[in-house]
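Novice: Residue numbers (my numbering): 106 to 454. Got a structure for you, written out below as structure tokens; questions coming shortly.
Below, the structure is given as structure tokens:
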């Protein structure tokens with residue numbers, strides 16, 4: 106069909122003929138950034154020199170894939186030599202050590218999150234199951250981390266597996282698998298993890314039961330780098346409820362009291378999502394997420410300023426992302442896997 110014939114055809118149809126008419130759904134998230142687009146991109150992606158790891162749209166996922174690869178290569182050499190009754194345990198411990206090293210090496214600030222929330226338990230169990238998908242290991246996975254049918258059948262960045270909400274993982278795969286900003290989106294979600302509570306337990310100004318929620322990362326930052334594992338403060342003035350929200354976020358001792366009271370170290374079992382995150386990412390909401398969206402009023406870490414100015418309100422530091430994976434970091438992973446798996450497997454437990 107010539108251009109003139111095409112124009113005549115468009116006029117005959119009585120409307121403009123666009124590419125959206127020719128390819129319905131072309132501007133949808135799924136068409137542009139879903140799992141098919143991800144698989145297409147990964148088939149053409151170059152490998153990191155000296156490895157089998159392909160560079161992807163997710164820096165997190167590149168690290169995760171390389172760590173799993175290093176662990177598995179070493180485990181194949183020594184795993185079968187381990188007593189059957191403790192073999193799985195030693196693999197899980199090796200995974201835990203490797204991923205703790207990853208966080209400490211590539212994003213040290215994240216250790217203040219990773220350690221007190223005991224997130225390493227969820228990640229090490231999940232990765233151990235991915236390396237050794239047995240019925241026993243599957244049973245040990247927290248229900249929120251058990252893979253959906255979509256996760257089993259589709260290709261997508263490995264970092265998505267770290268989200269503790271199955272319905273959200275599915276939405277991320279369908280709408281953002283190939284998105285070059287997938288890491289930022291997942292960190293938006295992590296920054297939005299909250300725990301629901303009665304705010305009257307935390308604030309004297311709430312004189313009656315008041316449904317609300319508290320951001321986990323805000324409390325962790327307020328705890329500072331002091332020893333959070335020690336005994337509670339003997340200072341009788343450090344108590345809850347506090348006179349104000351500021352009194353919580355400006356006192357590491359009070360922040361630790363809130364952390365313990367709300368059982369934030371239970372991790373995925375108690376976490377929900379701040380509903381505000383779906384105002385930023387409405388495409389990720391689905392009715393299946395209704396029970397994990399927090400209700401009530403947020404405990405603000407700082408009130409909004411009366412007059413906007415750089416000095417009026419501190420900038421909220423987000424959960425950090427890692428540096429890009431390079432050959433030198435990959436070498437560190439290989440050497441550390443060689444040492445740590447030997448040390449763990451040689452130990453007489």
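Built from N, CA and C at the ideal position, the CB exists for glycine as well. Because the structure is a prediction, the values reported are computed rather than measured.
What is the DSSP secondary structure of residue 418, reduced to helix, strand or coil?
Specialist: Any reading at residue 418 needs caution, since the residue's pLDDT is 47, under 50, leaving its predicted position unreliable; the model's value is listed next. Correct three-state label for residue 418: coil.
Novice: Judging by CA-CA distance, which residue of 299, 425, 274 and 189 is the nearest neighbour of residue 241?
Specialist: If we check each option's Cα against that of residue 241, 189 comes out closest.
Novice: What runs of the beta strand (DSSP E), each 3 residues or longer, lie entirely inside the region 127-215?
Specialist: none
Novice: Is the beta carbon of residue 352 closer than 8 Å to that of residue 359?
Specialist: Yes.
Novice: Please report the straight-line C-alpha distance between residue 458 and residue 405, rounded to a whole angstrom.
Specialist: Nothing in the structure corresponds to residue 458, since the chain is present only between 106 and 454.
Novice: Only counting the same chain, and skipping five residues up and downstream in sequence, which positions put a Cβ closer than 7 Å to that of residue 348?
Specialist: 309
Novice: With which residues is residue 299 paired in a DSSP beta bridge?
Specialist: 320 and 377
Novice: For residue 216, count neighbouring C-beta atoms within 10 Å of its own C-beta (all shown protein chains included) and say buried if the count is 16 or more, exposed if not.
Specialist: exposed
Novice: Along the chain, which unbroken stretches of the alpha helix (DSSP H) at least 4 residues long are found entirely within the region 216-301?
Specialist: 216-219, 224-236, 240-245, 254-258, 271-281 and 287-296
Novice: May I ask you to report which of helix, strand or coil DSSP gives residue 452?
Specialist: coil
Novice: If you count every other CB in all the chains shown that lies within 10 Å of the CB of residue 422, and 16 or more means buried, which is it?
Specialist: With fewer than 16 neighbouring CB atoms inside 10 Å of its own CB, residue 422 falls in the exposed class.
Novice: Find the nearest neighbour of residue 372 within the set 442, 229 and 321, judged by alpha-carbon distance.
Specialist: 321
Novice: Is the distance from the Cβ of residue 158 to the Cβ of residue 264 below 8 Å?
Specialist: no
Novice: Inspect the beta-carbon positions of residue 231 and residue 250 and report whether they are closer than 8 Å.
Specialist: yes
Novice: Pick out whichever of 437, 385, 361 and 434 has its Cα sitting closest to the Cα of residue 222.
Specialist: 361
Novice: Does the structure place the region 183-199 close enough to the region 315-329 that three or more beta carbon pairs sit under 8 Å?
Specialist: no
Novice: Alpha carbon to alpha carbon, how far is residue 283 from residue 245? Give it in angstroms, no decimals.
Specialist: Residue 245 and residue 283: Cα-Cα distance of roughly 30 Å.
Novice: Just the C-alpha distance for residue 400 and residue 379, rounded to the nearest angstrom, thanks.
Specialist: 8 Å
Novice: Pick out whichever of 174, 149, 154 and 286 has its Cα sitting closest to the Cα of residue 441.
Specialist: It is 174 whose Cα lies nearest to the Cα of residue 441.
Novice: Work out the CA separation of residue 269 and residue 394 for me, nearest whole Å.
Specialist: 12 Å
Novice: According to the Cβ coordinates, are residue 345 and residue 363 closer than 8 Å?
Specialist: Yes, Cβ-Cβ distance for residue 345 and residue 363 is below 8 Å.
Novice: Report back the beta-carbon spacing between residue 329 and residue 262 to the nearest angstrom; my notes put them in contact at under 8 Å.
Specialist: Not really, about 33 Å apart at Cβ, beyond 8 Å.
Novice: Compute the distance between the beta-carbons of residue 324 and residue 369, then report whether it is under 8 Å.
Specialist: yes
Novice: Quick check on the DSSP output: the alpha helix (DSSP H) that includes residue 366 runs from which residue to which?
Specialist: 357-366
Novice: Sort 275, 383 and 427 by Cα distance to residue 254 and report the nearest one.
Specialist: 275
Novice: Do residue 204 and residue 225 come within 8 Å of each other at the CB atom, strictly closer than that value?
Specialist: yes
Novice: Do you know whose CA, among 382, 273, 297 and 448, lies nearest residue 391's CA?
Specialist: 273
Novice: I'd like to confirm the pairing. Which residues does DSSP put opposite residue 387 in its beta bridges?
Specialist: Looking at the DSSP output, residue 387 shares a beta bridge with no other residue.
Novice: Report back the beta-carbon spacing between residue 181 and residue 450 to the nearest angstrom; my notes put them in contact at under 8 Å.
Specialist: Not a contact, Cβ separation roughly 12 Å.
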